[in-house]
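Residue numbers (the working numbering): 82 to 419.
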Amino acid sequence: MKRSLRLIFAITILLTACSQLPSSITINLGSPTNTPASAATQVTPPTAVPLQPTVAPPTAVSLKPTVAQPTTASPTSAPKSNQPMVYISGTSHIETNRQTWPNPDAFINFLRQVTAAGMKWSVGADIGWLEGEARASEIIKTTEAMGVEWDIHAHKTEDRAKNVVKIKNLGGKPNTVISGLVLTELEEMRSPFKLSDGGTWFGDILWGYTLRPDHSTGSEDASTGLWKPKSSKEFYTHDANGNIIMVGGGTRDLKGAETLAKSNPKFAVTSATVMVNPNKLVVIDMDAKGGLGTDGINEIKSFAERMSKLSNVRFATISQTAKAWVEAGSVVSGSQVK
Ligand SMILES: [Zn+2]
Numbered sequence: 082m083k084r085s086l087r088l089i090f091a092i093t094i095l096l097t098a099c100s101q102l103p104s105s106i107t108i109n110l111g112s113p114t115n116t117p118a119s120a121a122t123q124v125t126p127p128t129a130v131p132l133q134p135t136v137a138p139p140t141a142v143s144l145k146p147t148v149a150q151p152t153t154a155s156p157t158s159a160p161k162s163n164q165p166m167v168y169i170s171g172t173s174h175i176e177t178n179r180q181t182w183p184n185p186d187a188f189i190n191f192l193r194q195v196t197a198a199g200m201k202w203s204v205g206a207d208i209g210w211l212e213g214e215a216r217a218s219e220i221i222k223t224t225e226a227m228g229v230e231w232d233i234h235a236h237k238t239e240d241r242a243k244n245v246v247k248i249k250n251l252g253g254k255p256n257t258v259i260s261g262l263v264l265t266e267l268e269e270m271r272s273p274f275k276l277s278d279g280g281t282w283f284g285d286i287l288w289g290y291t292l293r294p295d296h297s298t299g300s301e302d303a304s305t306g307l308w309k310p311k312s313s314k315e316f317y318t319h320d321a322n323g324n325i326i327m328v329g330g331g332t333r334d335l336k337g338a339e340t341l342a343k344s345n346p347k348f349a350v351t352s353a354t355v356m357v358n359p360n361k362l363v364v365i366d367m368d369a370k371g372g373l374g375t376d377g378i379n380e381i382k383s384f385a386e387r388m389s390k391l392s393n394v395r396f397a398t399i400s401q402t403a404k405a406w407v408e409a410g411s412v413v414s415g416s417q418v419k
C-alpha cells in the first residue's frame, strides 16, 4: 500500500477506534506491516561521506534548535570521536490500569540490576499510576538516584501537563521526552503546555510513535534512527527546522538492538530501545500474541555484557540519545527517514 493510502487508512481507523480506546491499554506491539521485523538490519548507509546528512546539510541554524536542548546530563561515556555510534536505551511504560502496575519492590530491584549492568533506563508512567500508587514518590526518587529518568507518557494529550506537575510534586524531575504519541497528536505537541503550577512544559523529544491508538499489529513505528518529523502526514520526512526530535526505538527487543549494533550503521548516532513490561519484567515482543517476549532480567544482563564489549555501542537514556544526536550535528539517521 502506498504511504498516502496507509495514512488515510490509519486516520480512518483512528477516528473509529479512539473513542473506544481503553486508557489502561498495555503495550501490545504487533509486527509492523510497513517495517519488517528485521528493520534493524536494513539500515542503509549513506552512499556519500558517512557523516553527511541524506537530507538537508546541517547549517548554523539547524545546529541551534529553536527549542531548548535536552537538559539532562551527557552519557557518562560520551564518544570522543566521530565514530558512528549505536545508542541503546531501555524503557518501561506504566499504565493507568491498576491490574498492570508493577510490584514496587520488584520494579525497583529490576531497575537496580539493569542500571548496575550499565544500561540507562527511561520510565514513562501515566497519570493513574502517578496519582494512585502510594509508593510513587519513593519509586521515582529511588530510581532517579540510579540515573533512571521519568519521561512523559500519557494516553490523553491533556494528561501530559498533569503528569509533569505530578512528577514534580512527587519529588521527581520530569524531562522533556514525549514517550508514546498517536499520529494525530503530533501537531498538538508543537507548542508548549501551560502547567497548573504556573510553569510551562515543552516536549522536544519524541519516542514511540503509533499510527493507530490501539497498539494493533502494524501500528507501531520501528525506525532505528533520529530525525525531526515534518508532520503527522509526512512523519518520515526530516524537517531541519522542526522543533521535535524523534528517537527511534527499533523493534524494542534484545535481538533488534543487537542486530543493529552488529550491522555497524554508518550514521553518527543511531538508536534502539529495549522495552520491558514493568509488571511482568520481560522484554516485549512485537510478534508475540499479547506483546510479551520471554527475555527477563538474566537475558538482559547478558545482553548488556555483550553490548558493553562493542566499541560502537553506548548505553543512554532516550533523552541522552537525543542530546548526543544534537551534539553530533543533528545528522538524519534511521531506516525509514527520507
Ligand atoms: Zn501507555
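C-beta atoms are modelled at their ideal positions from N, C-alpha and C, and glycine is treated no differently.
From a predicted model like this one, the values you see are computed outputs, not experimental measurements.
Grab me the residues of residue i's own chain with a C-beta within less than 7 Å of its C-beta, minus the 5 sequence neighbours each way, in chain order.
{"i": "M227", "result": "L192, R193 and T196"}
{"i": "N393", "result": "Q164, P165, M166, V167, A342 and N345"}
{"i": "K201", "result": "S170, G171, G228, F396, A397, T398 and Q401"}
{"i": "L391", "result": "A342"}
{"i": "T238", "result": "E266 and E269"}
{"i": "R216", "result": "P185"}
{"i": "N250", "result": "none"}
Residues in the same chain with beta-carbon distance under 8 Å from residue i, minus the five sequence neighbours each way, listed in chain order, please.
{"i": "E339", "result": "F384, R387 and M388"}
{"i": "S112", "result": "Here the model assigns S112 a pLDDT of 34, short of 50, so the residue's position is not dependable, and the following value carries that caveat. Excluding residues within five positions, the ones whose Cβ falls inside 8 Å are A118, T298, G299, M367 and D368."}
{"i": "L468", "result": "No information on residue 468 is available, as it lies outside the stretch 82 to 419 that the chain covers here."}
{"i": "D334", "result": "V355, M356, V364, I365, D366, M367, G374 and D376"}
{"i": "S276", "result": "The residue you asked about is not Ser; residue 276 is Leu in the sequence shown. Result list for L276: A242, V245, V246 and W282, in chain order."}
{"i": "P273", "result": "T281, W282 and F283"}
{"i": "T153", "result": "Because the pLDDT at T153 is just 42, under 50, the model does not fix this residue reliably, and the value given afterwards should be weighed accordingly. These residues qualify, in order along the chain: E230, N256, T398, S400, Q401 and K404."}
Using a Cβ-Cβ cut-off of 6 Å (strictly less than) and excluding sequence neighbours within five positions of residue i, which residues of its own chain qualify?
{"i": "T430", "result": "The structure shown does not extend to residue 430, since the chain is modelled only from 82 through 419, so no value can be given for it."}
{"i": "N360", "result": "T181 and P183"}
{"i": "Y290", "result": "L262 and D302"}
{"i": "I248", "result": "W231 and P255"}
{"i": "D320", "result": "K309 and K311"}
{"i": "A235", "result": "D207, R241 and N244"}
{"i": "A198", "result": "K382 and A385"}
{"i": "P126", "result": "Caution is warranted here: a pLDDT of 36 is assigned to P126, below 50, making its placement in the model unreliable, and no coordinate value can be reported."}
{"i": "G252", "result": "S218 and K222"}
{"i": "D278", "result": "V246"}
{"i": "F316", "result": "P310"}
Cβ of residue i versus every heavy atom of ligand 1: is any distance shorter than 8 Å?
{"i": "E176", "result": "yes"}
{"i": "D295", "result": "no"}
{"i": "H319", "result": "no"}
{"i": "K207", "result": "Per the sequence shown, residue 207 should be read as Asp rather than Lys. True, at least one ligand heavy atom lies under 8 Å from that Cβ."}
{"i": "G261", "result": "yes"}
List the DSSP bridge partners of residue i.
{"i": "S414", "result": "In the DSSP output, where bridge partners are listed per residue, S414 has none listed."}
{"i": "W282", "result": "F274"}
{"i": "D207", "result": "Answer is none; D207 lacks a bridge partner."}
{"i": "R395", "result": "Y168"}
{"i": "E301", "result": "T291"}
{"i": "W182", "result": "Beta-bridge pairing links W182 to no other residue."}
{"i": "V195", "result": "Answer is none; V195 lacks a bridge partner."}
{"i": "S173", "result": "V204"}
{"i": "I326", "result": "I286"}
{"i": "L307", "result": "V328"}
{"i": "L262", "result": "Y290"}
Any C-beta of chain B sitting closer than 9 Å to the C-beta of residue i?
{"i": "E339", "result": "Of the chains in the structure shown, none is chain B; there is only one protein chain."}
contact_flag[the stretch 256–272, the stretch 367–381] where n(CB pairs < 8 Å) is 3 or more: no
Contact between the stretch 230–246 and the stretch 199–214 (3+ Cβ pairs under 8 Å): yes
Sufficient close CB pairs (3 or more, under 8 Å) joining the stretch 208–218 to the stretch 322–341: no
Three CB pairs or more closer than 8 Å across the stretch 258–265 and the stretch 214–227: no
Segments assigned alpha helix (DSSP H), at least 4 residues, entirely inside the stretch 341–413: 378–389 and 399–408
Contiguous beta strand (DSSP E) assignments of at least 3 residues, all confined to the stretch 203–259: Within the stretch 203–259, the complete beta strand (DSSP E) runs of at least 3 residues are 230–233.
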